[in-house]
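First up is the structure itself, then whatever we jot down about it.
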Amino acid sequence: APHGPPASLAVARLTLPHPPRLPLHTHPALLSRPMSVFTLSHRLLGVRAGYSAAGRCVARRVGRPLSTHTPERPELSEPQSEPQSKPQGEASESERPTSQPAAKAAEDADASLRERLLEAALKEVPKHGWNVSAISAGAVACGLAPTAHGILPRGPIELVRYFNTQCDETLRAELEARQEELEQLEVQNRLIIAIETRLNMLHPYVETWPQAL
């Protein structure tokens, strides 16, 4: 069976009086008399009071107090902007240390040490070959530990690359020094001189050069 309202509420609704309708539309002459205005106001107030009393009676029957108090709405305050905090570990521009000069100095020191080690290792290549042994011997010659070959992560590959770079720079410098002489020769003769000069640089390493290839 469908659920309906409580019996007490149904009885209250049945006993709730309806406000009587005033026959204003049938007696317009009532509004033209002064006494009728007073009578009309009195009747309206009486009807309103009776209707309110009936409403309170209904509220008592259903067990709910009739409250005419309107709950006040809480005033919404504007959210206050909190000061933005810096992320943890992040420093301002003024707080950051000037580490760029120090980093550049460290890089220059590493590059200088690598070049010293490669130069010393080249002198050991005729004896040890193009391998880690030559680099370790070069490290000892520089006053470092034999394990300092770890400074060159690619090992002998970096040693061969360094040798080729040094030979190319030496060849360029020598050809520039003989520029006036070479300009008077044909192109074929210029190439012969350049190739011979470059091959002569391999003479100290001719026996171990196949390892580099």
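Numbering (the working numbering), first residue to last: 13 to 225.
Backbone N, C-alpha and C fix where the C-beta goes; we use that ideal spot for every residue, glycine too.
Using only CA atoms, which one of the options lies nearest to residue i?
{"i": "residue 180", "options": "117, 194, 212, 145", "result": "212"}
{"i": "residue 174", "options": "205, 195, 134, 148", "result": "134"}
{"i": "residue 166", "options": "144, 159, 184", "result": "144"}
{"i": "residue 220", "options": "153, 168, 152, 163", "result": "168"}
{"i": "residue 189", "options": "161, 177, 209, 162", "result": "209"}
{"i": "residue 156", "options": "129, 191, 121, 142", "result": "129"}
{"i": "residue 214", "options": "117, 202, 187, 183", "result": "183"}
{"i": "residue 153", "options": "142, 140, 136, 164", "result": "136"}
{"i": "residue 204", "options": "150, 148, 187", "result": "187"}
{"i": "residue 126", "options": "185, 177, 138, 160", "result": "160"}
{"i": "residue 176", "options": "114, 193, 224", "result": "224"}
{"i": "residue 217", "options": "191, 151, 115, 138", "result": "138"}
{"i": "residue 227", "options": "142, 112, 164, 201", "result": "Missing from the structure shown is residue 227; the chain here goes from 13 to 225 and no further."}
What does the Cβ neighbour count give for residue i, buried or exposed, with the cut at 16 atoms within 10 Å?
{"i": "residue 124", "result": "exposed"}
{"i": "residue 172", "result": "buried"}
{"i": "residue 28", "result": "Interpretation of residue 28 is limited by its pLDDT of 46, a score under 50 that renders its predicted location unreliable; no figure is taken from the coordinates."}
{"i": "residue 195", "result": "exposed"}
{"i": "residue 37", "result": "With a pLDDT of 49 at residue 37, under the threshold of 50, the modelled position of this residue cannot be trusted; read the value that follows with caution. With fewer than 16 Cβ atoms within 10 Å of its Cβ, residue 37 is classed as exposed."}
{"i": "residue 162", "result": "exposed"}
{"i": "residue 43", "result": "Low confidence applies here, because residue 43 scores a pLDDT of 47, under 50, leaving its location unreliable; read the following figure in that light. It counts as exposed."}
{"i": "residue 146", "result": "buried"}
{"i": "residue 132", "result": "buried"}
{"i": "residue 222", "result": "exposed"}
{"i": "residue 151", "result": "buried"}
{"i": "residue 118", "result": "exposed"}
DSSP state of residue i, grouped into three classes?
{"i": "residue 157", "result": "coil"}
{"i": "residue 165", "result": "coil"}
{"i": "residue 186", "result": "helix"}
{"i": "residue 142", "result": "coil"}
{"i": "residue 196", "result": "coil"}
{"i": "residue 129", "result": "helix"}
{"i": "residue 214", "result": "coil"}
{"i": "residue 208", "result": "helix"}
{"i": "residue 150", "result": "helix"}
Tell me which residue opens and which closes the alpha helix (DSSP H) that residue i is part of.
{"i": "residue 222", "result": "221-224"}
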